[in-house]
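In my numbering, the protein residues as written are 31 to 165.
Now the structure itself:
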């Protein structure tokens, strides 16, 4: 994650500029084939899980997560999405969607954690995120 930001973006090369709109810290913004997430930590090696559901899911159960806002609508033109950095560089493998079209999205953030094995002080703290998509 760079400068508080990362995104889950449609791999369609015709999509609008992913970071043309930026949410406040600890929030997300769904627009133009992407979900932009802003964290509290400036630079980190965040842990991000993307979940695809058939119906509205419950909150993640394995630890305490807080919602970064109400569910929003996002439209993906292609059937492939990917996590990207602020510099538009891929940060994950591509995820396959069931189809192109509208989805609902909600983002959850866990509490800050420390990785004592991390050699760089700037990356020692990190956050966990869960991005839930459903139709």
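Even glycine gets a Cβ: it sits at the ideal position worked out from N, Cα and C.
No experiment lies behind these values; they were computed from the predicted model shown.
- Cα atoms of residue 123 and residue 139: separation of roughly 21 Å, rounded to the nearest angstrom.
- For the pair residue 134 and residue 101, the CB atoms are nearer than the 8 Å cut-off.
- With fewer than 16 other beta carbons inside 10 angstroms of its own, residue 119 counts as exposed.
- The C-alpha of residue 106 is placed about 11 Å away from the C-alpha of residue 60.
- Residue 131 and residue 103 have their C-alpha atoms roughly 10 Å apart.
- In the displayed model, residue 40 falls within a strand according to three-state DSSP.
- The continuous beta strand (DSSP E) containing residue 133 extends over residues 131-140.
- Here residue 80 is near residue 125, since their CB atoms are less than 8 Å apart.
- Residue 60 is bridged by DSSP to 65.
- Residue pairing from DSSP leaves residue 52 without any beta-bridge partner.
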